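Asks:
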Amino acid sequence: MGIRLYDGRAEELLQAMWLIRAYEERAVALQAEQGVPGTCTAVGQEAAAVGVVSALGADDLILTNHRSSGHLLARGADPGRMLAEVMGRRDGYCKGKSGSLHISAKDLGVVLTSTIVGGELALATGVALSQQMLGRRGVVTCFFGDGAACEGRFHESLNLAALWRLPVLYVCENNQWQAFVHRRETMLADNIAARAAGYGMDTAVVDGNDPEAVRAAALEAVESIRASGRPYFLEARTYRLRGHFEPDDQAYVDPDELAAWRARDPLALLEARLLAAGRIDADALQALRAEAYRRIDAGWRFAVDSPYPATAELTTDVYA
Amino acid sequence: MTRITVMDAIDQALAEEMAHDPAVLLMGEGVATKRRALVEAFGPARVRNTPLAEGIIAGTAVGAAATGLRPVVDLLFAPFLCYAMDELVNSAGKLRYLSGGQFDFPLVAIAMTGAGWGVGAQHNHNLEAWFAHAPGLKVAMPSTAADFKGMLKSAIRDPDPVLFFVDIALAYTDGEVPAGEHLVPLGRAARRREGRDVTLISYAKTVPVCEQAAELLAAQGISAEVLDLRSIKPLDEAAILASVRRTGRAVVVHEASRTCGVGAEVAALIGEHAWDALRAPVLRVTGPDAPAPASPPLEQAYVPQPAAVAAAAQRLMAGAEAAACV
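Chains as they are written, first to last, in the working numbering: chain A, 1 to 320; chain B, 1001 to 1326.
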């Protein structure tokens, strides 16, 4: 399975979002039933992932954080190889050495999933420097959260990218949560994009739960980067509907806030809009959902059938 | 052969490798200011001043290395590496493995280290053992101008991340250096002096200390071999063991603090693999477990001196009991 390119039809976006949701549900179940470790879902953030990734071309590259399953799947990752990786199997994208928290997929242009918050920001400038110096056209998309925006590397990265005119699309998925701490407890400002503007970067803030709005903003951002060669900062306002990792009872979450964002579930919002406008019918919706769950089922069977790596793999790949 | 300083040998290596491979670039705080000749030869895109921010300098190098460039970053002084530890240890050292071998990280991080300038502990801290302990990294710490050139060239061509330490006390010493192509492989020790009775094992500025100690010992009829490790990782285990098997005695000497230092690793290696050849315990002569002071006499006292190395060797010659009374 290679890089997925999008023509922008709403059904295409919805299909990608359902695939992510079905994958996350399976990952949660695998954790609950089999103790598969390291599950950090991005349930509720599917629109931000699909909206941005659907705006990318085949030459573009991605660096992301520990909530990367949406970015990978939207980019065309094989759910079977992802689940195999999460389960520590040989046929995972990284031979089972990454687990869920560090998946990279060179064939898809996904250079890094960083579990060190801000690690993706630290490396994005270098990846973009390669693009610039080697004359490659692709834009480097760097996904991170509001938590990473509190790291020093956020500021170092933005400053250097602006200074060196590096082709980076910074995508802050502002999901309001930094592990177990609400964003309100960590910063005075409500908006992270203002920080990027301070470094001389063009910015946009978008409803991160609306995939069509995110896609439109991302297309504009990518076009701006390709035309100017300068970085661009896109803030997607969204919400982490599940806990920091699995299991997490979310007892620390304000129930009213959670309910308000659940009512803005990005999949439900898009479905309602498409149905209301007559752009899709209920049968097609049902078929689309069923196909997503079928693909995750097939992927899970592939992962279960994949053997664990041989013990000899313990010390391979350390050095070239 | 021409006689040049270590700093000039480093410049030669950089210029030759930048000419050899267009993917090589140099980044760091002041590299374009200090190395005008490289800027003129290769242009400002390949010799870049950076903001004073070690973390993003190293992170940029790691990202660039993963995607086709061969960055060399000058992070100035070894203690500043602490600001770049995440990028060097968590990214450069681990991401090849975590990616299942999908990405390579050919980069070199240069830093000066050690006593000699009286600049105190936030500029002077020998951190080589930290990086040797971190998986996925290589660590070079040469002692001669020729090796600085030959090993830096090898480090730049190496497919893995290399920490390249420049001992401040050696930076402006000179030595014979082959002109043109001169590659010294990483992971190979060099025998600086042959001897029969004891092996003095060291690297960086304490190699000449060991050579002076060997002279002192020779005057007393003790024949000391001097082994310059040159690379801390990979460590030339075969050379260490072969030498100790010949002499039956070893003193490991380094400026870095003793606890969990390179000396402990070398001593353990000898204990594990050459126990039968030992005629006395392995001794260490190292810097103390203390930050490096600025005061010149204290700074010099921090560094192992020839007389102390010679005294350790003499205790070994006197037998195991005397050796144990350190």
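Positions of the beta carbon are idealized from the N, C-alpha and C atoms, including for glycine. A quick note: this is a predicted structure, and the numbers were derived from the prediction, not measured.
Could you pull out every unbroken alpha helix (DSSP H) segment of at least 4 residues lying fully inside the stretch 163 to 205 of chain A, listed in chain order?
Replies: The qualifying runs are 193 to 198.
Asks: Measure how close the beta-carbons of A193(A) and E235(A) come, nearest whole angstrom, since I'm counting them as under 8 Å.
Replies: Indeed they touch by this definition, with Cβ atoms about 4 Å apart.
Asks: So R1193(B) packs on E1211(B), CB below 8 Å; how close in whole Å?
Replies: About 6 Å separates the two Cβ atoms, so the contact holds.
Asks: Does any residue of chain B have a CB that is nearer than 8 Å to the CB of S130(A)?
Replies: With 8 Å as the cut-off, S130(A) counts as an interface residue toward chain B.
Asks: How would you label H1254(B), buried or exposed, when you count the other beta carbons within 10 angstroms and need 16 or more for buried?
Replies: With 16 or more Cβ atoms within 10 Å of its Cβ, H1254(B) is classed as buried.
Asks: Look at the alpha carbon of V127(A) and the alpha carbon of V1252(B), and state the distance between them as a whole number of angstroms.
Replies: Using only the alpha carbons, I get a separation of about 42 Å.
Asks: Which one of L1069(B), V1062(B), F1080(B) has the shortest CA to CA distance from L1088(B)?
Replies: Among L1069(B), V1062(B), F1080(B), the Cα nearest to that of L1088(B) is on V1062(B).
Asks: Thinking C-alpha only, which one of A272(A), G2(A), C172(A), E246(A) is nearest E33(A)?
Replies: Comparing Cα positions, the closest option is E246(A).
Asks: Sort out for me which residues DSSP pairs F1164(B) with in a bridge.
Replies: According to DSSP, F1164(B) bridges with I1110(B), A1140(B).
Asks: Applying the criterion that 16 or more other CB atoms from any shown protein chain within 10 Å of the CB defines a buried residue, is M201(A) buried or exposed?
Replies: Under this definition M201(A) is a buried residue.
Asks: Mind pulling the beta strand (DSSP E) runs of 3 or more residues that sit fully within the stretch 218 to 249 of chain A?
Replies: Segments of the beta strand (DSSP E) lying fully in the stretch 218 to 249 of chain A: 232 to 237.
Asks: Can the beta-carbon of A1058(B) be found closer than 8 Å to that of A1084(B)?
Replies: It is a contact, given that the beta carbons lie within the stated cut-off.
Asks: Mind checking F1105(B): buried by the 16 CB within 10 Å criterion, or exposed?
Replies: With 16 or more other Cβ atoms within 10 Å, it is buried.
Asks: DSSP three-state label for I3(A), please.
Replies: Reduced to three states, the DSSP call for I3(A) is coil.
Asks: Please list, in chain order, all residues of the same chain as M187(A) whose beta carbon is under 7 Å from its beta carbon, the five residues on each side excluded.
Replies: Here the set comprises C150.
Asks: Using a Cβ-Cβ cut-off of less than 7 Å, list which residues of the stretch 1097 to 1108 of chain B approach chain A; keep chain order.
Replies: Of all residues in the stretch 1097 to 1108 of chain B, Y1097, L1098, S1099, G1100, G1101, Q1102, F1103, D1104 have a Cβ within less than 7 Å of some Cβ in chain A.
Asks: Quick one: Cα of A84(A) to Cα of E1016(B), how far?
Replies: Going from the Cα of A84(A) to the Cα of E1016(B) covers about 45 Å.
Asks: Alpha carbon to alpha carbon, how far is D190(A) from A260(A)? Give it in angstroms, no decimals.
Replies: The straight-line gap from Cα to Cα measures roughly 18 Å.
Asks: Buried or exposed: which applies to R67(A), given that a residue is buried once 16 or more other Cβ atoms fall within 10 Å of its Cβ?
Replies: By the neighbour-count rule (16 or more Cβ atoms within 10 Å), R67(A) is buried.
Asks: Compute the beta-carbon to beta-carbon distance between G243(A) and D78(A), rounded to the nearest angstrom, for a pair I have assumed lies under 8 Å.
Replies: Wrong, their Cβ atoms sit about 27 Å apart, outside the cutoff.
Asks: For G99(A) versus P37(A), is the C-beta spacing smaller than 8 Å?
Replies: Yes, the pair counts as a contact, with Cβ atoms nearer than the cut-off.
Asks: Please list the segments of the alpha helix (DSSP H) lying wholly inside the stretch 1050 to 1106 of chain B, counting only runs of 4 or more residues, in order along the chain.
Replies: Counting only runs of 4 or more, we get 1054 to 1066, 1095 to 1098.
Asks: Note down the Cα distance separating A74(A) from P1159(B), rounded to an integer number of angstroms.
Replies: Each residue's Cα considered, the two are about 32 Å apart.
Asks: Under 8 Å, CB to CB, which of the residues in the stretch 1175 to 1195 of chain B have a partner in chain A?
Replies: Cβ contacts with chain A come from no residue of the stretch 1175 to 1195 of chain B.
Asks: So what does DSSP say about N1010(B), is it helix, strand or coil?
Replies: It is Ile, not Asn, that sits at residue 1010(B) in the sequence shown. Of the three classes helix, strand and coil, the one that applies to I1010(B) here is helix, per DSSP.
Asks: Chain C partners of E1087(B), CB-CB under 7 Å?
Replies: Given the protein chain composition of this structure (A and B), no chain C is represented.
Asks: Is the Cβ of G126(A) closer than 8 Å to any Cβ of chain B?
Replies: Yes - at least one Cβ of chain B is within 8 Å of the one on G126(A).
Asks: So, helix, strand or coil for E11(A), using DSSP?
Replies: Note: E11(A) maps to helix in three-state DSSP.
Asks: Check M1027(B) in the structure and name its three-state DSSP category.
Replies: In the structure shown, M1027(B) sits in a strand (DSSP, three-state: E or B).
Asks: Since I1056(B) meets chain A, which of its residues come closer than 7 Å, beta carbon to beta carbon?
Replies: Under the 7 Å cutoff, chain A gives A122, T125, R153, E156, S157, L160.
Asks: Provide the residue span of the beta strand (DSSP E) that contains L1227(B), from first to last.
Replies: Its beta strand (DSSP E) spans residues 1224 to 1228.
Asks: Between the C-alpha atoms of F1103(B) and A1311(B), what's the straight-line distance to the nearest angstrom?
Replies: For F1103(B) and A1311(B), the distance between alpha carbons rounds to 49 Å.
Asks: Let me check you understand the geometry: is the CB of T1060(B) closer than 7 Å to at least one non-hydrogen atom of the ligand GDP?
Replies: Among the components of this structure there are no ligands whatsoever, and the ligand GDP is therefore not found.
Asks: Can you tell me where the alpha helix (DSSP H) holding H1133(B) begins and where it ends?
Replies: H1133(B) -> alpha helix (DSSP H) spans 1128 to 1133.
Asks: Leaving out five residues before and five after V43(A) in sequence, what residues of the same chain have Cβ atoms less than 6 Å from its Cβ?
Replies: Cβ within range, chain order: E24, L241, R242.
Asks: Could you check whether L1107(B) and L1137(B) sit closer than 8 Å to each other, using their CB atoms as the reference points?
Replies: No, the Cβ-Cβ distance between L1137(B) and L1107(B) is not below 8 Å.
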